[in-house]
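For the sequence shown, the tail end lands on 377 under this note's numbering, and the numbers increase by one without skipping.
Quick reminder that beta carbons are idealized off the backbone N, C-alpha and C, glycines included.
Data block below; observations after.
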Amino acid sequence: MPVPMLDLAPQNAAVKQKVLDGLAGLIDRSQFVLGENVKGLEAELAQYTGAKYAVGMSSGTDALLVALMALDIKAGDEVIIPSFTFFATAGVVARMGAKPVFLDLDPVSFNATGKLVEAAITPCTKAIMPVHLFGQLAEMPAIMEVAKKHGIPVIEDACQSLGAKGWGKNAGEFGDMTGCSFYPTKNLGAFGDAGLTLIRDDEKLGAKVRRMRVHGMEPVYVHHEVGMNGRIDEFQALVLRAKFPMLEGWHEGRRKHAKWYFERMKELTADELLLPKEVIPEGRHIYNQFTVRVKGGKRDALQAHLKTLGIGSAIYYPIALHEQPCFAYLGYKKGQLIETERACQEVLSLPVYPEMTEAMREDVAKGVLSFFGKK
Ligand SMILES: Cc1ncc(COP(=O)(O)O)c(C=O)c1O
Numbered sequence: 003m004p005v006p007m008l009d010l011a012p013q014n015a016a017v018k019q020k021v022l023d024g025l026a027g028l029i030d031r032s033q034f035v036l037g038e039n040v041k042g043l044e045a046e047l048a049q050y051t052g053a054k055y056a057v058g059m060s061s062g063t064d065a066l067l068v069a070l071m072a073l074d075i076k077a078g079d080e081v082i083i084p085s086f087t088f089f090a091t092a093g094v095v096a097r098m099g100a101k102p103v104f105l106d107l108d109p110v111s112f113n114a115t116g117k118l119v120e121a122a123i124t125p126c127t128k129a130i131m132p133v134h135l136f137g138q139l140a141e142m143p144a145i146m147e148v149a150k151k152h153g154i155p156v157i158e159d160a161c162q163s164l165g166a167k168g169w170g171k172n173a174g175e176f177g178d179m180t181g182c183s184f185y186p187t188k189n190l191g192a193f194g195d196a197g198l199t200l201i202r203d204d205e206k207l208g209a210k211v212r213r214m215r216v217h218g219m220e221p222v223y224v225h226h227e228v229g230m231n232g233r234i235d236e237f238q239a240l241v242l243r244a245k246f247p248m249l250e251g252w253h254e255g256r257r258k259h260a261k262w263y264f265e266r267m268k269e270l271t272a273d274e275l276l277l278p279k280e281v282i283p284e285g286r287h288i289y290n291q292f293t294v295r296v297k298g299g300k301r302d303a304l305q306a307h308l309k310t311l312g313i314g315s316a317i318y319y320p321i322a323l324h325e326q327p328c329f330a331y332l333g334y335k336k337g338q339l340i341e342t343e344r345a346c347q348e349v350l351s352l353p354v355y356p357e358m359t360e361a362m363r364e365d366v367a368k369g370v371l372s373f374f375g376k377k
């Protein structure tokens with residue numbers, strides 16, 4: 003049977019009536035900006051993550067951007083980020099006029115490590131922005147130790163990883179601030195763009211982010227900084243609150259599929275295909291993506307094979323950020339971040355959404371196994 007990469011229909015059906023009822027109330031109240039749902043969502047997600055403050059933003063991109071703005075990042079500053087991530091992580095750094103300093107990755111977790119970060123620090127480093135890619139935390143204790151030693155603030159990019167855990171903590175409890183995305187494909191997705199900035203514990207920073215979301219204004223028409231209009235819509239907050247009670251179940255549904263894939267595809271050898279690994283102590287990978295590495299230069303052929311069977315897959319990401327045309331001015335050379343470049347050639351993400359049936363995941367696994375001549 004055809005298996006799409008992602009099907010939001012069952013999830014949307016589960017909240018449809020609640021959202022429609024909420025929308026009716028919202029239209030009656032006509033408070034479309036920063037109303038009771040935004041307040042409620044912020045309180046719920048601060049509690050969920052353990053961060054002291056939560057500020058609803060218009061997107062994950064703006065959630066990261068406002069964090070850099072609150073740190074007064076400016077031209078000439080360097081911000082350390084991975085090269086293997088979605089473009090927004092680097093886009094916000096460049097948008098501030100600062101210089102993205104790209105890291106290579108740990109080939110097992112796809113994420114940054116303390117060692118990689120330490121090697122990239124210079125006197126110009128003004129922030130470190132590790133990404134918790136695909137739903138698994140970066141090596142946060144080691145990264146925080148390096149950051150602390152050098153007195154550099156850390157912004158977690160948890161756009162794919164709200165709900166991920168490690169070392170006894172949640173995504174959002176390590177760095178000074180954290181950016182989250184509610185883009186519809188995330189484990190918690192809005193009906194459009196939305197995001198959230200978490201502030202771990204600094205009250206002043208929390209107040210600044212909240213102010214900068216509305217043009218640095220406090221009280222009305224008094225502007226302390228040049229901020230932005232980065233507000234989350236009341237409607238999106240309403241949708242997210244309707245979905246939030248189901249989030250833990252969805253994480254666990256994804257994890258159940260992942261565990262089943264591990265067992266079903268275990269006979270694939272290391273020179274055929276590598277399954278993702280959960281490498282974090284006391285960790286929880288939330289599998290926003292189930293990303294395998296296809297060896298022997300066969301990734302595109304496997305993807306084509308799956309396509310003929312009606313099975314969706316996706317390549318996150320085919321081109322590393324240090325190789326993007328818009329960052330040519332930074333002067334990175336081919337081969338400079340070798341593990342990242344290799345990952346771009348090998349990665350393939352398979353369907354893992356929670357509502358997939360057992361028959362669907364069997365078809366995905368069978369499709370992969372048949373490519374390698376296995377059952
Ligand atoms: C790692 C990462 N960073 C940043 C973003 C940006 O989030 P948004 O699309 O909500 O602006 C995303 C989302 O796609 C992401 O995956």
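Quick check: Ala166 and His287, are their CB atoms within less than 8 Å of each other? yes
Which same chain residues, not among the five before or five after Gly42, have their C-beta less than 8 Å away from its C-beta? Ala239 and Arg243
Can you tell me which of Phe374, Leu304, Asp204 and Glu325 puts its alpha carbon nearest to the alpha carbon of Tyr334? Glu325
Under a three-way DSSP split, which group does Ala346 fall into? Correcting the residue identity first, residue 346 is Cys in this sequence and not Ala. Cys346: helix per DSSP, three-state reduction.
So is the beta-carbon of Val57 under 7 Å away from any non-hydrogen atom of ligand 1? no
Report buried or exposed for Leu416, applying the criterion of at least 16 other Cβ atoms within 10 angstroms of its Cβ. Any question about residue 416 goes unanswered here, given that the chain covers just 3 to 377.
Closer than 6 Å by C-beta to Lys54: which residues in its own chain qualify, once you throw out the five before and the five after it? Chain order, please. Asp203
Under 8 Å Cβ to Cβ from Ile321, same chain only, skipping five residues before and after it: list those, please. Cys346
If Gly232 sits next to Asp64, beta carbons under 8 Å apart, how far is it from one beta carbon to the other, in whole angstroms? 4 Å
Who are the Cβ neighbours of Thr115 in its own chain at under 7 Å, not counting the five residues just before and after it? Asp108, Glu141 and Ala144
How about Met30: is its Cβ closer than 7 Å to a heavy atom in ligand 1? A small fix is needed here, since residue 30 is Asp in this sequence, not Met. No; taking the cut-off as 7 Å, the Cβ of Asp30 has no heavy atom of ligand 1 nearer than that.
Could you spell out where the beta strand (DSSP E) holding Glu236 opens and where it closes? First-last for Glu236: Glu236 to Lys245, but that is the alpha helix (DSSP H), not the beta strand (DSSP E).
Select from Val349, Leu323 and Arg344 the residue whose C-alpha is nearest the C-alpha of Val94. Leu323
Determine contact between the region 60–76 and the region 261–276, defined as no fewer than three beta-carbon pairs at a distance below 8 Å. no
Please return the same chain residues whose Cβ sits closer than 7 Å to the Cβ of Val110, not counting the five positions on each side in sequence. Lys279 and Val281
Residues in its own chain within less than 8 Å of Tyr318 by CB, not counting five upstream and five downstream? Phe88, Phe136, Gln291, Thr293, Val349 and Ser351
With the cut-off set at 8 Å, would you say Arg256 and Pro356 are in Cβ contact? yes
Which residues does DSSP list as the beta-bridge partners of Asp159? Val133 and Gly181
Closer than 7 Å by C-beta to Ala361: which residues in its own chain qualify, once you throw out the five before and the five after it? Chain order, please. Met3
Using 8 Å as the threshold, is the C-beta distance between Leu73 and Lys128 below it? yes
At a cut-off of 7 Å, would you count Ser351 as near ligand 1, judging by its Cβ distance to the nearest heavy atom? no
Contact check, Gly369 vs Leu308, beta carbons under 8 Å: yes
Run the CB neighbour count on Ile389, radius 10 Å, all protein chains shown included, and call it buried at 16 or more, exposed below. An answer regarding residue 389 cannot be provided, because it is not within the stretch 3 to 377 covered by the chain.
If you drop the 5 nearest sequence neighbours on each side, which residues of the same chain put their C-beta closer than 6 Å to that of Ile123? His152
Looking at the structure shown, is Leu200 part of a helix, part of a strand, or coil, going by DSSP? strand
Just to confirm the assignment, what range does the alpha helix (DSSP H) spanning Ala48 have? Glu38 to Thr51
Compute the minimum distance between the beta carbon of Ser85 and the heavy atoms of ligand 1, and state whether it is under 7 Å. no
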